[in-house]
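S.K.: All residue numbers for the sequence shown refer to our numbering, where the first residue is 621 and numbers rise by one.
A virtual CB, placed ideally from N, CA and C, is assigned to each residue, including glycine.
Okay, handing you the structure first.
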Amino acid sequence: MNDLKTELNKMSSGFCGEAYTPGDTGFDEARAVWNAMIDRQPAIIIRCGDTSDVVAAVKLAHSQNLPIAIRAGGHNVAGHAVCEGGVMIDLTQMRGVEVDPKARVAKVQGGALWRDVDGATQAHGLATPGGLISDTGVAGLTLSGGIGWLRAQHGLSIDNLIAADVVTAKGNVVHTSANENPDLLWALKGGGGNFGVVVQFEFALHPFGPEVMFAAPIYAVEDGPGPIRAWREFLAKHGDRVSSLCEFSTAGGEDFPEEYWGKRVYTLACVYNGDAAEGEALLKPLSDLGDMVVDFSGRMNFCDVQQLFDTLMPAGDYRCYWKARYLADLPDEMIEMAMKNAMAAPSDNSISSLWNFGGATAKVAADATAFGDRSMGWMYSLDGVWKDASEDEVNMAWSRDGWSGAEPFGQKGRAYLNFPGHGEDNDALTRATFGENYQRLVEIKTKYDPENRFRFNQNIKPKT
Ligand SMILES: Cc1cc2nc3c(=O)[nH]c(=O)nc-3n(C[C@H](O)[C@H](O)[C@H](O)COP(=O)(O)OP(=O)(O)OC[C@H]3O[C@@H](n4cnc5c(N)ncnc54)[C@H](O)[C@@H]3O)c2cc1C
621 MNDLKTELNK MSSGFCGEAY TPGDTGFDEA RAVWNAMIDR QPAIIIRCGD TSDVVAAVKL
681 AHSQNLPIAI RAGGHNVAGH AVCEGGVMID LTQMRGVEVD PKARVAKVQG GALWRDVDGA
741 TQAHGLATPG GLISDTGVAG LTLSGGIGWL RAQHGLSIDN LIAADVVTAK GNVVHTSANE
801 NPDLLWALKG GGGNFGVVVQ FEFALHPFGP EVMFAAPIYA VEDGPGPIRA WREFLAKHGD
861 RVSSLCEFST AGGEDFPEEY WGKRVYTLAC VYNGDAAEGE ALLKPLSDLG DMVVDFSGRM
921 NFCDVQQLFD TLMPAGDYRC YWKARYLADL PDEMIEMAMK NAMAAPSDNS ISSLWNFGGA
981 TAKVAADATA FGDRSMGWMY SLDGVWKDAS EDEVNMAWSR DGWSGAEPFG QKGRAYLNFP
1041 GHGEDNDALT RATFGENYQR LVEIKTKYDP ENRFRFNQNI KPKT
């Protein structure tokens, strides 16, 4: 293979980023991603400074016939951001956010994190739906859906994506919106990183915050499912205003009463998508469903809510295997299974959650976005999180078994593609999840990436 750095310079008249090949200082740091299990060696890592650097990186991959991995926040648990032997395009220096408060639009660079967006938009009293952890990348989260605290009123992240600039496989910069190349925008709304490098996203913004109501009453698993059943009935009435998840975890630390340390608990975590005082009154009954372990509910700043869970999951500290499936409904049997799985988790760092849908998320037609069917009422996720490599097998088995066990309650075998395990179920899951949209995605993939240069993702194979 030719010297890749020399070849990269030939592709660009003014490369302003950095490039690392194996052995360079900074190479190991640049190839590390959030999941400590991922240990891959790209042939070259190109840390881009601007769009023309991304074009040069894509042209290099094309000229050398190498595959491309794209890194934004680096949170993908399967480690799709880093590849063995290919070109890794690193967007960590491209995190700019520009807000037009009048038009209520944010232009967000392809390597931004959600905390960049929240900070810039909240400065104008505006917000767009992101995720639950502020250092997750905007790109990866959005391109496969984006499930966060504003979904009840404003849907998924993709439902707020109005335009994008994409560097496609041959190095062309393509603008996509409802009027220009609309097929590409449709595909980006759930189809993942299959179609090129998104260098800029444009999101619609909504007035929200700064003060919002966050509810987090915590109950003990050993005290039974009563509060979860009541929460389910509550959400059936208020799911168009309340974004929520029941999160199973292990109590510990000084915020919890000592008698609960080491015990399995669950939080009925909710964000009211509206006025904080109204939300406080509405969510109050959730703190009165039985003997609470502790209650973390209160009115708080939206940016703080967006960062509340950050310390639970620091980058690079843990080994991880996460799976999730959509559920048609949430019968008592599924609740009981989720409680049993929580009790059986081999690691105290693992969490598992039941997420509600409905509201604005459910109002989008199945063929309106690549994401597909919105009739799922719930999602069940199992986040296996542990420290020691000798415990890989038992922890991965916990996530997988819990995921398989929930299949009878599932929604047509569909899964959330942003919690893909380590990618081993890729093809079957991708087809089942996209359902009737799959063939259209194949057409669009074939148009924009006929050689499957972008294949480290929930891959949609182009026609041969
Ligand atoms: C701690 C943690 C919390 C999470 N919380 C949530 C949550 O609340 N809600 C939720 O919906 N998901 C959540 N997720 C899942 C998350 O959405 C996925 O892991 C997602 O892939 C992360 O995006 P990223 O940009 O950080 O990842 P990366 O690993 O950088 O990228 C993942 C993949 O996205 C694609 N990609 C990245 N950047 C681009 C780009 N600019 N253009 C084109 N393709 C690109 C590529 O295929 C890449 O391989 C969470 C994950 C973690 C680890």
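Can you check which of these residues, Asn969, Thr788, Asp644, is closest to Thr931 by C-alpha distance?
M.R.: Residue Asn969 is the option with its Cα nearest to Thr931.
S.K.: Is the closest heavy atom of ligand 1 to the C-beta of Asn1038 under 7 Å?
M.R.: Yes.
S.K.: Going by the DSSP bridge assignment, what does Glu822 pair with across the sheet?
M.R.: Its beta-bridge partners are Lys727, Ala783.
S.K.: Beta carbon of Gly1004, beta carbon of Trp942: below 8 Å?
M.R.: It is a contact, given that the beta carbons lie within the stated cut-off.
S.K.: Pull up the CB-CB distance for Glu704 and Gln661, whole angstroms please, since I reckon it's below 8 Å.
M.R.: Glu704 to Gln661, Cβ: 6 Å. Contact.
S.K.: What span of residues does the beta strand (DSSP E) with Asp720 cover, start to end?
M.R.: 717-720 is the span of the beta strand (DSSP E), which, as asked, contains Asp720.
S.K.: Who are the near neighbours of Asn696 in its chain, counting only those whose CB is closer than 6 Å to its CB and skipping five residues on each side?
M.R.: Cβ within range, chain order: Gly760.
S.K.: Using 10 angstroms around the beta-carbon of Asn1077, count the other beta-carbons present and answer buried if the total reaches 16, otherwise exposed.
M.R.: Result: buried.
S.K.: Using only CA atoms, which one of Asn792, Pro877, Asn685, Trp806 lies nearest to Val819?
M.R.: Nearest of Asn792, Pro877, Asn685, Trp806 to Val819, Cα basis: Asn792.
S.K.: Any heavy atom of ligand 1 closer than 7 Å to the Cβ of Trp654?
M.R.: For ligand 1, at least one heavy atom lies less than 7 Å from the Cβ of Trp654.
S.K.: Can you have a look at Cys890 and say buried or exposed, based on whether 16 or more other CB atoms are within 10 angstroms of its CB?
M.R.: The residue is buried, with at least 16 neighbouring Cβ atoms inside 10 Å.
S.K.: Does the beta-carbon of Thr695, which I'm using as the reference point, lie nearer than 7 Å to any heavy atom of ligand 1?
M.R.: In the sequence as displayed, the identity of residue 695 is His instead of Thr. His695: yes, Cβ under 7 Å from ligand 1.
S.K.: Expressed to the nearest angstrom, what Euclidean distance is found between the alpha-carbon atoms of Met714 and Thr671?
M.R.: If I take the Cα positions, the gap works out to 9 Å.
S.K.: Can you tell me whether Gly760 sits near ligand 1, meaning its C-beta is under 7 Å from at least one heavy atom of the ligand?
M.R.: Within the cutoff, so yes.
S.K.: Have a look at Ile753 and Arg735 and give me their C-alpha separation to the nearest angstrom.
M.R.: Approximately 8 Å between the Cα atoms of the pair.
S.K.: Span of the beta strand (DSSP E) holding Val885?
M.R.: Unbroken beta strand (DSSP E) run through Val885: 884-892.
S.K.: Return yes when the C-beta of Ala681 is under 7 Å from any heavy atom of ligand 1, and no when it is not.
M.R.: No, since every heavy atom of ligand 1 falls outside the 7 Å radius drawn around the Cβ of Ala681.
S.K.: Counting only beta-carbon separations shorter than 8 Å, does Met657 have a partner in chain C?
M.R.: The chain inventory of the structure shown lacks chain C, comprising one protein chain alone.
S.K.: Mind reading off the beta-carbon distance from Phe821 to Ala784? Whole number of angstroms is fine, and I expect it under 8 Å.
M.R.: The pair is a contact, with the Cβ atoms about 5 Å apart (cut-off 8 Å).
S.K.: So, do the segment 1002-1018 and the segment 1063-1074 have three or more beta carbon pairs nearer to each other than 8 Å?
M.R.: Judged by Cβ distances under 8 Å, the segment 1002-1018 makes no contact with the segment 1063-1074, as fewer than three pairs qualify.
S.K.: On the premise that Tyr938 lies in contact with Ala656, defined as a C-beta separation below 8 Å, what is that separation, rounded to the nearest angstrom?
M.R.: The Cβ separation is near 6 Å, so the contact holds.
S.K.: Helix or strand or just coil, what does DSSP make of Ile848?
M.R.: Helix, per DSSP.
S.K.: Whole beta strand (DSSP E) runs in the segment 958-1021 with 3 or more residues, listed along the chain?
M.R.: Qualifying beta strand (DSSP E) stretches, in chain order: 971-976, 998-1006.
S.K.: Below 8 Å on the Cβ atoms is my contact criterion, and I expect Ile838 with Met959 to pass it. Report the Cβ-Cβ distance as a whole number of Å.
M.R.: Not confirmed; about 14 Å, so no contact.
S.K.: What are the residues that DSSP puts in a beta bridge with Ala689?
M.R.: Met708, per the DSSP bridge assignment.
S.K.: Going by beta-carbon coordinates alone, are Val702 and Val737 separated by less than 8 Å?
M.R.: Taking 8 Å as the Cβ cut-off, Val702 and Val737 do not qualify as a contacting pair.
S.K.: Go to Cys940, then tell me how far its alpha helix (DSSP H) extends in each direction, as first and last residue.
M.R.: Taken as a continuous stretch (DSSP letters only), Cys940 belongs to no alpha helix (DSSP H), being part of the beta strand (DSSP E) at 939-947.
S.K.: Using the Cα positions of Lys625 and Ala944, report the straight-line distance between them to the nearest angstrom.
M.R.: So the alpha carbons of these two residues sit roughly 40 Å apart.
S.K.: Does the segment 868-886 come into contact with the segment 961-977, if we say contact requires no fewer than three beta-carbon pairs (one atom in each stretch) closer than 8 Å?
M.R.: Output reads yes: the segment 961-977 touches the segment 868-886.
S.K.: Quick one, are the C-beta atoms of Gly829 and Gly745 less than 8 Å apart?
M.R.: Yes; because the gap between Cβ atoms is below 8 Å, this pair is in contact.
S.K.: Could you tell me the distance, in whole angstroms, from the CA atom of Val1062 to the CA atom of Thr1084?
M.R.: When rounded, the distance between both Cα atoms is 11 Å.
S.K.: State the start and end residues of the unbroken beta strand (DSSP E) segment that holds Phe1039.
M.R.: That run of the beta strand (DSSP E) goes 1030-1040.
S.K.: Considering only their Cβ atoms, is the gap separating Arg651 from Ala772 smaller than 8 Å?
M.R.: For Ala772 and Arg651, no; Cβs fall outside 8 Å.
S.K.: Could you check which residue in Asp648, Val817, Gly811 has the C-alpha nearest to that of Gly730?
M.R.: Per the Cα distances, Val817.
S.K.: What number of angstroms, rounded off, separates the C-alpha of Ala964 from the C-alpha of Trp1018?
M.R.: Each residue's alpha carbon lies about 8 Å from the other.
S.K.: Just grab the DSSP bridge partners of His795 for me.
M.R.: Beta-bridge pairing links His795 to Asp785.
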